[in-house]
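**Student:** Under this note's numbering, residues 292 to 463 are what the sequence shown spells out, in order.
We put the CB at the ideal spot given by N, CA and C, even for glycine.
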Amino acid sequence: GFTSSTLIWFGILPMIGGLVDGKRGLVIWSLSTLFVSLGFLSFHLYGFNFPNDITTNGKLISQMLLVFGWIFLSTSIISVFIYMKSNSEELVTAQGKKIDDLVRVLFHDLSNPLGRIAIGLNITKKNDNPDQTQRGIDIASQATEAMIEITQNVRRMYAISKGKADMNLTSF
């Protein structure tokens, strides 16, 4: 009943629910606890002697229901928490792998044009011949354009992944 000391333990349910499921869990468990407590209070105020009106062993039965109910609820809540934590850890790991892959591909794709720029600048620096100088400038210019295209493609893929741009499919 309402005067049972076990009912006090229901007060921890909103806290656990909030830890496990955030605001939604806090609200659900706060309302559930409030309604159960108000139900017991109303029974108590209307003179319903809860444990003794069930059976002669009512006190024992009600205590068992409250204790084992509490064990079941807390086990369920902690199980949900462990499941949600595991899922979020897997998502973080998958996101980290995607970021690692993107960085590796970008470094690879950008290192080739950077090497060509360095070669073009070396050719320009070491030659007094106008044709060789122009050749070095052309190599550096083409590599710069390749880097610009790579960065634009990455921006476009990012915008598509965020739904800010549409993918245009064309047939060959």
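Going by C-alpha to C-alpha distance, which of 417, 449, 412 and 420 sits closest to residue 433?
**Tutor:** Translated into the one-based positions of the sequence shown, residue 433 becomes position 142. Closest by alpha carbon: 412.
**Student:** Report yes if the CB atom of residue 356 is closer than 8 Å to the CB atom of residue 324, and no otherwise.
**Tutor:** Within the sequence shown, the letter at position 65 stands for residue 356. Within the sequence shown, the letter at position 33 stands for residue 324. Cβ distance not < 8 Å, so residue 356 and residue 324 don't count as in contact.
**Student:** Give the secondary structure of residue 359 by DSSP, where H, G and I count as helix, E and B as strand, and everything else as coil.
**Tutor:** In the sequence shown, residue 359 corresponds to position 68, counting from 1. In this structure, residue 359 counts as helix in the three-state DSSP scheme.
**Student:** Nearest-angstrom Cα distance between residue 456 and residue 431?
**Tutor:** As a working mapping, residue 456 is identified with position 165 in the sequence shown. As a working mapping, residue 431 is identified with position 140 in the sequence shown. Roughly 31 Å separates the two Cα atoms.
**Student:** Less than 8 Å between the C-beta atoms of residue 317 and residue 308, yes or no?
**Tutor:** Working through the sequence shown from its first residue, we reach residue 317 at position 26. Working through the sequence shown from its first residue, we reach residue 308 at position 17. For residue 317 and residue 308, yes; Cβs fall inside 8 Å.
**Student:** With a Cβ-Cβ cutoff of 8 Å, do residue 368 and residue 311 count as a contact?
**Tutor:** Stepping through the sequence shown from its first residue, residue 368 is reached at position 77. Stepping through the sequence shown from its first residue, residue 311 is reached at position 20. Yes, the pair counts as a contact, with Cβ atoms nearer than the cut-off.
**Student:** By the 10 Å Cβ neighbour count, where 16 or more other Cβ atoms means buried, how is residue 408 classified, buried or exposed?
**Tutor:** Translated into the one-based positions of the sequence shown, residue 408 becomes position 117. The residue in question, residue 408, is buried, as its Cβ has 16 or more Cβ neighbours within 10 Å.
**Student:** Residue 427 and residue 415: beta carbons closer than 8 Å?
**Tutor:** On the sequence shown, residue 427 is found 136 positions in, with the first residue counted as 1. On the sequence shown, residue 415 is found 124 positions in, with the first residue counted as 1. For residue 427 and residue 415, yes; Cβs fall inside 8 Å.
**Student:** Provide the residue span of the alpha helix (DSSP H) that contains residue 306, from first to last.
**Tutor:** Position 15 of the sequence shown, counted from the first residue, corresponds to residue 306. Counting along the chain, the alpha helix (DSSP H) containing residue 306 begins and ends at 304-336.
**Student:** For residue 274 and residue 439, I'd like the C-alpha separation in whole angstroms.
**Tutor:** Because the chain spans 292 through 463 in this model, residue 274 falls outside it and cannot be assessed.
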